[in-house]
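In what follows, a structure is listed as structure tokens, so that the remarks can point back to it.
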Amino acid sequence: MLDLASVVSQVRRGMIPAHVYADPEIFAAERDRLFARSWVFLAHESEIPDPGDYVVRRVLADSFIVARDEAGVVRVMFNMCLHRGMQVCRAELGNASHFRCPYHAWTYRNDGRLAGLPFHEEAYGGEDGFARAGQSLLPAPSMGTHNGLIFISLDPDAPALADYLGDFAFYLDFYTRQSPAGVELRGPQRWRIKANWKIGAENFAGDSYHTPHTHASVVDIGLFREPKASKRKEGALYQAGPGAGTTYKLPPAGNEHSAFTDQLRYVGYPDAMIPVMAAAWSGRQRALVADSRFMPSAATLFPNLSFVHNWPQIDADGTVAPFISLRLWQPVSERETEVLSWFAVDAAAPEDFKRRSYTAYLMCFGSSGMFEQDDVENWVSITDMAAGSMARRLTLNSRMGLTSEGKPVKPPLATFAGPGVAYQGFGEYGQRHWFGLWGDCLSREAR
Amino acid sequence: MTAGLLLPYGDPAHLAAHQFLVEEAALLDAADFAGWLGLLCEDIRYVMPVRVTTARGAGFDSLADMGHFDEDMYALRKRVQRLATDHAWTEDPPSRTRHFVTNVRTFRGEGDDLRAESALLLFRSRGDTREPSLISAGRTDLLRATADGLRLARREITVDESVLRTQNLAVFL
């Protein structure tokens, strides 16, 4: 019998009972206490730019249509017919003014309202037998958007999305608001891995320690110069609101007046984009790059949306091109995850930059990415090992950066420009932050 | 690519194309990736669009602007170099793979170039506890006649799943 309180209390001390990565009872608790309440990412507005555009996405087993209606309003609707429960839309994307259920032809407008059903008068006696007026596919209980990112919560009483994002919104802008045009998402690539969903989320939240070894091959071949341990340990790890992430330390700029420009050039942004980014970001955001000299890299927004920003070399001439990816760790079961990995790029960026950035993404992340390949091998193996009985006798030490008394080995950075708390050097601060939020969720009542 | 003249299965050009594809599969299954690179033209384009589930009337079933692969020779060389390092964990220990190539049809292209369409089933087994994975795909190849024989100039891989059931694409199709 699962002792959830004991698991949560161990996790809060940075000691992770190994079975949490393959335990069906834990998975059921996550479904009922975490995913039933949390804000979860579904799609980005750029995926459905025109009226009638839609994508179909899931939160665990629940399928939702994310559509832009005829008035241009984004709607999220539970994809189940009100009549007999058929999945109304079985395509994953497209454009439609209406969705017609294949079973009995009940038809819904793309804002979810029931438009018609056959033989309403003869079969139901019209409005008297079945009041058509006001009928609608079930809307997502809560919905919110930020920088075009569309989130829902299955909890109708969820806090406002902006309140939930809190200090992490500062860091979201580095990935999703490099200009007033915002970001555009392409994809996603989708594939299933036999790994628990938490491992990827934790990894992106703060595991700079794995980079030098897991990703040694990409340094060996000269694809990306940064992951060497000597460089990686200079990065800052931050925890802010419901998120946490890693950064790389940038080399000193030649001239303090051009520091922001120099740093963005170093990671491969073209001169045409840099003033636009400077204008789109706040003084504090610019200072993180120009003064603190930290460039955001991997991050996770709790529970299961991660981000990455790297700048590999994409051709034999040594061209460096940055890319951004968003990825959703969509739980399938305690031992299986569907990965949805999008390429993201500033919508206003020059076309030749978009092409270079896309090349950089494909080489590094996603289903074929040379970074991601080795990550997934590790995560599948962890999940395999966690499924046995011996894993129930092992607690994994996730206390890196803490003394035995629970104090930080090194104090937080005093001059870090971003909100939240940040530490320089290796440490599992971000993973513990993530697991602290996980513990909070699992301590709530199920709904 | 536009359809050309389908060659009879006994045509020497068809036999040469078929032999090329089978020999290529043998190199991949023997993990002779450097040898495999030798079969590619320097201006190779190697693409694998993301397939999607759409309504029959939608007019498309793959994403125009997102692939699993969209590679030039530099990118493919990097992938091969990586597999040759001591740190490519996902393929060390290596997968056992078998590329089954069938349904080969060859069309006459421009000059001596050939267009070959084939069906591919990749069986991939890792370790001793994991379920094996399968990738089923169609391929459309442009085979260029060179002084050294046929070489692959372009490959478009049409994968038959919208959600891949393999842990990654640390393999060539």
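Going line by line, the protein sequences match chains A and B.
Here this note's numbering runs 275 ahead of the position in the first sequence, where the first position is 1.
Here this note's numbering runs 236 ahead of the position in the second sequence, where the first position is 1.
Backbone N, C-alpha and C define an ideal beta-carbon position, used for all residues, glycine too.
As summarised for the segment 429-472 of chain A, the continuous alpha helix (DSSP H) elements at least 4 residues long and confined to that stretch are 436-440 and 443-451, given in chain order. Sequence-distant partners of residue 535/A (beyond 5 residues in either direction) whose C-beta falls short of 7 Å from its own C-beta, in its chain, are 553, 561, 564 and 565. Inside the segment 568-608 of chain A, DSSP marks whole beta strand (DSSP E) runs of 3 or more residues at positions 569-576, 580-585 and 598-608, from first to last along the chain. At the C-beta level, residue 312/A and residue 719/A come within 8 Å of one another. Pairing residue 616/A with residue 640/A gives a Cβ-Cβ distance under 8 Å. Neighbours of residue 379/B in chain A, taken as residues whose beta carbon is under 9 Å from its own, are absent, since the nearest beta carbon is some 23 Å off. In the three-state reduction of the DSSP assignment, residue 353/B falls in the strand class, which pools E and B. With its beta carbon at least 8 Å from every one in chain A, residue 370/B lies outside the interface. For residue 716/A, the enclosing alpha helix (DSSP H) begins and ends at 704-717. Taking each of 281/B, 298/B and 282/B in turn and checking the Cα distance to residue 289/B, the smallest one comes out for 298/B. At a C-beta separation below 9 Å, residue 489/A has these neighbours in chain B: 323 and 325. Counting C-beta pairs with one atom in each stretch, the segment 347-357 of chain A and the segment 297-316 of chain A have fewer than three that are closer than 8 Å, which means they do not touch. Taking C-beta atoms as the reference points, residue 705/A and residue 519/A count as a pair closer than 8 Å. Within the segment 347-423 of chain A, the complete alpha helix (DSSP H) segments at least 4 residues long are 395-399, listed from N- to C-terminus. With a threshold of 16 other beta carbon atoms within 10 Å, residue 409/A falls short and is exposed.
Using a 10 angstroms sphere on the CB of residue 276/A, the tally of other CB atoms stays under 16, which defines it as exposed.
Under a criterion of Cβ atoms nearer than 7 Å, the residues of chain A adjacent to residue 310/B are, in order, 590 and 591. Residue 495/A places its beta carbon 8 Å or farther from that of residue 326/B. Taking residue 282/B as reference, the option from 385/B, 379/B and 400/B with the minimal CA-CA separation is 379/B. The Cβ atoms of residue 359/A and residue 378/A lie closer than 8 Å to each other. Residue pairing of residue 344/B in beta bridges, as defined by DSSP: 241/B and 350/B. In the structure shown, the three-state DSSP call for residue 341/A is strand. Residue burial annotation: residue 319/A is buried, with at least 16 other C-beta atoms found within 10 angstroms of its C-beta.
Against chain A, the CB of residue 304/B has a partner CB under 8 Å away; the residue lies at that interface. Nearest neighbour of residue 567/A by Cα position, chosen from 451/A, 558/A, 573/A and 278/A, turns out to be 558/A.
If you ignore the 5 residues before and after residue 261/B, its C-beta comes within less than 7 Å of the C-beta of 335 and 337, all in its own chain and listed in chain order. The Cβ of residue 294/B sits closer than 8 Å to at least one Cβ of chain A. Close partners of residue 469/A in chain B (Cβ separation under 9 Å): 366, 367 and 403.
Shown here for residue 454/A: same chain residues with a beta carbon closer than 6 Å to its own, the five before and five after excluded, namely 551, 555, 621 and 623 in chain order. In the three-state reduction of the DSSP assignment, residue 248/B falls in the helix class, which pools H, G and I.
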